[in-house]
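Numbering-wise (our numbering), the sequence shown opens with residue 123 and increments by one. Notes for the one structure printed next.
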Amino acid sequence: MKILFLMRHGQSPSPSEAGVASDALRPLSEQGRQDVLRMAREIVKRGGRPRLLLHSPLTRAAQTGATAADTLKPPEGTFVFPPLDNTRPPEEVLGELEARAASVEEVLAVGHQPQVGEIASLLTGSIFDIRPGGIVAVETGPAPRLLWTLNPEELR
């Protein structure tokens with residue numbers, strides 16, 4: 123994996139607003155869907171071509187992944203990746219991402235805060251404010267470096 127795009131799921135209503143029984147079932151809001159579409163287009167505009175998309179099993183992240191995949195059309199597919207469920211330490215998740223995507227040049231991983239921010243911090247040594255739908259793009263390898271970071275509000 124040479125480039126890792128870390129994306130926080132798009133905006134989502136609270137469980138009570140969405141009428142669902144648990145946090146895991148929260149859906150993507152319409153604003154969240156629109157933000158994710160804009161952000162996926164921005165990845166392409168900036169030269170990104172994720173070949174693989176991995177997402178958390180939680181509803182809002184799965185819907186974020188599916189929405190982004192409609193634009194990005196990752197040739198190696200879109201898959202549920204349980205380590206992105208926001209319950210595991212960043213070192214463990216990064217190791218599993220590297221193992222799963224070792225031969226893939228560009229990967230989009232959709233998850234939750236604080237986990238995606240912690241992974242980005244682990245790679246770059248910086249702290250990020252990743253808003254719903256936001257992305258941190260990192261060149262991985264022996265000396266990882268930040269390529270760019272963007273939150274949806276910056277495109278509205």
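Backbone N, C-alpha and C fix where the C-beta goes; we use that ideal spot for every residue, glycine too.
Please report the straight-line C-alpha distance between residue i and residue j, rounded to a whole angstrom.
i	j	result
Val-292	Trp-270	Nothing about residue 292 can be read from this structure; the chain reaches only from 123 to 278.
Glu-218	Leu-277	32 Å
Leu-206	Leu-230	12 Å
Leu-180	Ala-140	14 Å
Ala-242	Arg-210	14 Å
Ala-183	His-131	5 Å
Pro-137	Pro-264	41 Å
Gln-235	Ile-252	8 Å
Leu-244	Pro-266	10 Å
Taking the alpha carbon of residue i as the reference point, which residue from the options has its own alpha carbon closest?
i	options	result
Glu-228	Leu-176, His-131, Pro-137	Leu-176
Thr-193	Glu-275, Leu-159, Glu-240	Leu-159
Pro-254	Ala-143, Ser-144, Glu-152	Glu-152
Go ahead and pull the three-state DSSP assignment for residue i.
i	result
Gly-233	strand
Ile-252	coil
Met-129	strand
Glu-228	strand
Glu-198	coil
Leu-159	helix
Ala-188	helix
Leu-150	coil
Thr-262	coil
When you compare the CB positions of residue i and residue j, do they come within less than 8 Å of one another, or not?
i	j	result
Ser-134	Leu-147	no
Asn-208	Gly-233	yes
Item to complete: Give a yes or no on contact between the segment 247–258 and the segment 127–135, applying the rule of three or more CB pairs nearer than 8 Å.
Response: The answer is yes - the segment 127–135 touches the segment 247–258, with three or more Cβ pairs under 8 Å.
Item to complete: Report yes or no: do the segment 196–208 and the segment 165–180 share at least 3 C-beta pairs separated by less than 8 Å?
Response: Yes: at least three Cβ pairs fall under 8 Å.
Worksheet item: If you pair each beta-carbon of the segment 210–224 with each one of the segment 159–167, do three or more pairs fall below 8 Å?
Response: Output reads no: the segment 159–167 does not touch the segment 210–224.
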